[in-house]
Amino acid sequence: MELQVLKTLLIRFLEGDQLTAEEGEQLLAGLEQLIEQREEHQLVGMRYYIEEEKVLSEGDLREVYWEVDMFYGHHEEDDHHHETLVPGEEDAVHGWGWLYALLVGLVVAVVYWLVAARV
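Here the sequence shown stands for residues 0 to 118, where the numbers follow numbering that gives the first Met the number 0.
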């Protein structure tokens with residue numbers, strides 16, 4: 000992607016313009032390409048406006064990259080934890096739930112006893 004197009008899309012994103020999904024994906028791909036080539040310094044120092052003129056710092060660029068990735072990256076919708084379970088197997092909470100419930104009951108009984116003893 001041409002650097003000027005990337006800068007234009009990045010400024011639009013920073014200034015709060017609504018990017019289309021295609022533009023967002025182009026912005027993400029361009030940022031990733033610059034990062035892979037270790038050329039992201041070409042974007043540092045860009046000027047954009049949000050109520051006043053601002054200058055894009057290296058830290059800001061990292062934050063913006065993650066925001067763009069969250070908005071326009073292809074992430075799975077479900078929780079990754081569920082993918083690690085083999086169908087038919089239980090996780091620790093289901094397998095040891097009775098122990099957790101017993102411990103919670105014991106803690107509640109001790110707290111009740113301590114409160115009742117002070118009254």
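Note that the Cβ used here is the ideal one computed from N, Cα and C, for glycine as well.
Notebook entry, point to check: Can you pull the DSSP bridge partners for I34?
Noted result: Numbered from 1 along the sequence shown, position 35 holds the residue referred to as residue 34. DSSP links I34 through a beta bridge to no other residue.
Next on the checklist: Measuring only the C-alpha atoms, how far is E1 from G58?
Outcome noted: Start at 1 with the first residue of the sequence shown, and residue 1 comes out as number 2. Start at 1 with the first residue of the sequence shown, and residue 58 comes out as number 59. E1 and G58 have their C-alpha atoms spaced approximately 23 Å apart.
| With a Cβ-Cβ cutoff of 7 Å, do Y47 and L13 count as a contact? | The residue given as residue 47 occupies position 48 in the sequence shown. The residue given as residue 13 occupies position 14 in the sequence shown. In this structure, Y47 lies near L13, with their beta-carbon atoms less than 7 Å apart.
- prompt: Is the number of C-beta pairs between the region 20-29 and the region 63-70 that are closer than 8 Å three or more?
  reply: Yes, since at least three Cβ pairs between the region 20-29 and the region 63-70 fall closer than 8 Å, the two stretches touch.
Report task. Have a look at Q3 and E39 and give me their C-alpha separation to the nearest angstrom. Result -> Numbered from 1 along the sequence shown, position 4 holds the residue referred to as residue 3. Numbered from 1 along the sequence shown, position 40 holds the residue referred to as residue 39. Those two C-alpha atoms are separated by around 13 Å.
Of the residues L42, Y71, L102, V106, which one's Cα is nearest the Cα of I10?
Here the question's residue 10 lines up with position 11 in the sequence shown. The candidate whose alpha carbon is nearest that of I10 is L42.
ask   = V110 by DSSP, collapsed to three states: which one?
value = As a working mapping, residue 110 is identified with position 111 in the sequence shown. Three-state DSSP puts V110 in a helix.
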